[in-house]
Every structure is written in C-alpha cells, then in structure tokens.
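Numbering (our numbering), first residue to last: 3 to 298.
C-beta: ideal position from N, C-alpha, C; glycine also.
Worksheet: one structure, shown below.
Here it is in structure tokens:
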C-alpha cells in the first residue's frame, strides 16, 4: 500500500536543541471505535472490497498485497472510525455486499446503485483526457492538439473520444498507455489521449508532463454499501466527509495522481464541448478500455 511517511528529526544548535521523544513516549492518538461490532463483517475491522483489475485504484503488488489509491482512501476512512482495515478483491458491489463478505465496496459508479445497494461520496473523478508537456502557463486548445501527433492505445475509447471532440489529429497507436507515455517522453509525439486517472499516475515518471484537459464525460467513483446498513453507511459517509474537508483526501489523491484535479469540473480542453454523461456510450469515462502495464 502506498503510504505517507513522516520523518522525525532531532535538530541541534549551538545554543539549544529540540529533542523528539521516543515513539513509546509519544502521546497516543488512537481513535475510539465509532461503530458497533454488530454492524461489521468482522469485529473491530472495516472490510473493504475493491476491484484489483482497476489499476491504479487497486492492484496486486509484487508481494501479493492489494494496494492503490482506493486502498489508501479506505485506510483513512477506517482510521477515522477507529477500525482496522481488511481489503478483499471483488468485481462489483452487488455480490460482495449481498453475500456479507464486505462492509463497503470502494470504486462504485452511480450505475451500481439499486434497491439493495446505496452509492455515495465522490473520491475520484476521471474522464478521457489529454496529457502533454505544455509551457508553464500556456493554454492548450483543441486546435493545438489537432495540429500535433497524439499517442493513443489502438482500439481504445480514447480514439472515439478524439473523433467525437472533432480533434482530427495525426495519431500514433500503441498497445498500451505505458508505451504512449514512453513515446511522449522520447519526443516522438506531442500529446497522449487516455483515461485521466491512469495517465496522471503514469505522468509522474515523466518530468514536465501534465494533465492538459478532459475531452470526454466525467465519471465519479464512490462508496457502495448495503442499502439496509443505514447506521454503518452514515458513519462511513461522515468519515469520508471528514477526510475530504480537512484536506486528507487531497493529499492521498496527489500522492497517486500528481497535479490531476480532484474535481474535473471545468477542466475541458479549450475548444472542446463535452457531451453530458447520459449522451455518451460505454466508450467513455469509467469504461475506458486503455490498458496499463507495470504499474507497481
């Protein structure tokens, strides 16, 4: 799991010194358990299901553990409730919640809501987007992209999104998004079109590369819980609100996605009119077919 590491230093000056107490002397900041064990799948533990095929939200690390942005968000929520965290793998909310295997599914879409499943919160937004190396302060327009060479995964929704945005650029196709960014880093192309979250994660490895703007409808990811678990849902919702309000969510988001905005509202590439999500098909947003390689 990606973590936020804190360094503790002892600073010595000629006239004075600042001493930091040993860890066993530091005051405890443990949070009292905020929910009754009777509401949980496992006592004292928030059991969270994630889709490990949806990298970098969740993925299996080299040691077999499940890590990712969704996992770190879940860890913050569990900590606010005074609970331990257990992560399990699942494909969708309905089965894992109805079977009682998990308390929460993190990574749900609005379309996952039903009479049995409640979806709430908005901890990640993504859309088909453009990445490049614009000059500091420069505004990249649809015309600029149309006049350049754009790397795109062959057969992906990004190609359709470019056409829908009327960006008829010279395209260079690759088998996955990693190769697209390698081409951008090597100067073989000027832009990459791909899923915003995946692109932002990969862009961190290429200095000067940043999110330019969205060209597709935004999809929001949230938490899904059993519709009958009203008391636990309220507690989890309040914890999510707390980490959103105090900036903790922003910090976790930035650690995984760099400068990608937490909210993509108003982030469309200049000159592009993005259709409403209801006007698009499965070719956009969360159903993006870009594939990633070597995300660890």
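* Output the distance between the C-alpha atoms of residue 205 and residue 40, rounded to the nearest integer angstrom. => For this step, residue 205 is matched to residue 203 along the chain shown. For this step, residue 40 is matched to residue 38 along the chain shown. Their backbone Cα atoms lie some 44 Å apart in a straight line.
* Buried versus exposed, by CB contacts within 10 Å (16 or more), residue 95 -> Taking the chain shown and counting its residues from 1, the one referred to as residue 95 is at position 93. Buried, since its Cβ has 16 or more Cβ neighbours within 10 Å.
* Asked: Among residues of its own chain, excluding the 5 on either side of residue 152, which ones have a beta-carbon nearer than 6 Å to its beta-carbon?
  -> Mapped onto the chain shown, residue 152 falls at position 150. Cβ within range, chain order: 171, 173, 193 and 195.
* **residue 23 versus residue 32 - alpha carbon distance** => Translated into the one-based positions of the chain shown, residue 23 becomes position 21. Translated into the one-based positions of the chain shown, residue 32 becomes position 30. Reliability of the predicted coordinates at residue 23 is poor, the pLDDT of 45 falling under 50, and no value is obtained from them.
* residue 221 beta carbon less than 9 Å from that of residue 129 -> Residue 129 sits at position 127 when you count from the first residue of the chain shown. Residue 221 sits at position 219 when you count from the first residue of the chain shown. Yes. Within cutoff.
* Only counting runs of 3 or more residues, tell me where the beta strand (DSSP E) segments fall wholly within the segment 126-185, in order along the chain. => Counting only runs of 3 or more, we get 130-134, 151-155 and 172-176.
* **Burial state of residue 168 (16 or more Cβ within 10 Å)** => Working through the chain shown from its first residue, we reach residue 168 at position 166. So residue 168 counts as exposed.
* Quick one: Cα of residue 176 to Cα of residue 207, how far? -> Here residue 176 refers to the residue found at position 174 when the chain shown is read from its first residue. Here residue 207 refers to the residue found at position 205 when the chain shown is read from its first residue. Approximately 18 Å between the Cα atoms of the pair.
* Asked: Quick one: what does DSSP say residue 30 is sitting in, helix, strand or coil?
  -> On the chain shown, residue 30 is found 28 positions in, with the first residue counted as 1. In this predicted model, residue 30 has a pLDDT of only 46, less than 50, meaning its place in the structure is not dependable; the value taken from the coordinates is given anyway. In the three-state DSSP reduction, residue 30 falls in the coil class, being neither helix nor strand.
* Asked: What's the call for residue 58, buried or exposed, on a 16-neighbour Cβ count within 10 Å?
  -> Along the chain shown, read from residue 1 onward, the residue named residue 58 stands at position 56. Buried: at least 16 other Cβ atoms inside 10 Å.
* Asked: Considering only C-alpha positions, which residue in the set 217, 122 and 80 is nearest to residue 266?
  -> Stepping through the chain shown from its first residue, residue 266 is reached at position 264. Taking only the C-alpha atoms, the option nearest residue 266 is 217.
* Identified DSSP bridge partners for residue 120 -> Looking up residue 120 in the chain shown gives position 118. The partner list for residue 120 (beta bridge, DSSP) reads 227.
* Could you check the C-alpha separation between residue 82 and residue 76 for me, to the nearest Å? => Counted from its first residue, the chain shown places residue 82 at position 80. Counted from its first residue, the chain shown places residue 76 at position 74. Answer to the nearest angstrom: the Cα atoms are 10 Å apart.
* **DSSP bridge partner residues for residue 49 (one or two, in chain order)** => Taking the chain shown and counting its residues from 1, the one referred to as residue 49 is at position 47. Residue 49 is bridged by DSSP to 88.
* Endpoints, beta strand (DSSP E) assigned at residue 197 -> One-based indexing of the chain shown puts residue 197 at position 195. Start and end: 193-197.
* To do: Please look up how many angstroms separate the CB atoms of residue 110 and residue 226, rounded, as I've assumed it's under 8 Å.
  => Here residue 110 is taken as the residue at index 108 of the chain shown, counted from 1. Here residue 226 is taken as the residue at index 224 of the chain shown, counted from 1. 4 Å between Cβ atoms; contact.
* What are the boundary residues of the beta strand (DSSP E) that residue 214 is part of? -> Here the question's residue 214 lines up with position 212 in the chain shown. Per DSSP, residue 214 belongs to the beta strand (DSSP E) from 212-216.
* Span of the beta strand (DSSP E) holding residue 75? -> To locate residue 75, count along the chain shown from 1; it is residue 73. From DSSP, residue 75 is part of no beta strand (DSSP E) but of the alpha helix (DSSP H) over 71-82.
* Taking residue 84 as the reference, which of 238, 268, 62 and 252 has the closest Cα? -> Residue numbering aside, residue 84 sits at position 82 when the chain shown is read from its first letter. Nearest option by C-alpha distance: 238.
* To do: Identify which residue in 132, 126, 165 and 66 has its Cα closest to the Cα of residue 256.
  => Here residue 256 refers to the residue found at position 254 when the chain shown is read from its first residue. Nearest option by C-alpha distance: 126.
* Euclidean distance between Cα positions of residue 211 and residue 178 -> Along the chain shown, read from residue 1 onward, the residue named residue 211 stands at position 209. Along the chain shown, read from residue 1 onward, the residue named residue 178 stands at position 176. If I take the Cα positions, the gap works out to 18 Å.
* Selected residue, minimal CA-CA separation from residue 254, among 66, 45 and 70 -> Position 252 of the chain shown, counting from 1, holds the residue named residue 254. If we check each option's Cα against that of residue 254, 70 comes out closest.
* To do: Indicate the three-state DSSP secondary structure (helix, strand or coil) for residue 109 in the structure shown.
  => Walking along the chain shown from the start, residue 109 turns up at place 107. Looking at residue 109 - three-state DSSP - the assignment turns out to be strand.
* Where does residue 24 fall in DSSP's three states? -> The residue you call residue 24 lines up with position 22 of the chain shown. Reliability fails at residue 24, whose pLDDT of 49 lies under 50, so the model's placement of it is uncertain and no value is given.
* In or out: residue 117 buried (at least 16 other Cβ within 10 Å) or exposed? -> Translated into the one-based positions of the chain shown, residue 117 becomes position 115. The residue is exposed, with fewer than 16 neighbouring Cβ atoms inside 10 Å.
* To do: Determine the burial state of residue 108: buried for a count of at least 16 other Cβ atoms within 10 Å of its Cβ, exposed for fewer.
  => As a position in the chain shown, residue 108 is number 106, starting the count at 1. Buried.
* For the alpha helix (DSSP H) containing residue 242, list its first residue and its last residue. => Position 240 of the chain shown, counting from 1, holds the residue named residue 242. 232-247 is the extent of the alpha helix (DSSP H) around residue 242.
* Alpha-carbon to alpha-carbon, residue 199 and residue 228 -> Indexing the chain shown from 1 puts residue 228 at position 226. Indexing the chain shown from 1 puts residue 199 at position 197. Going from the Cα of residue 228 to the Cα of residue 199 covers about 27 Å.
* To do: Express the C-alpha separation of residue 243 and residue 191 in angstroms, rounding to a whole number.
  => The sequence position of residue 191 within the chain shown is 189, counting from 1. The sequence position of residue 243 within the chain shown is 241, counting from 1. So the alpha carbons of these two residues sit roughly 41 Å apart.
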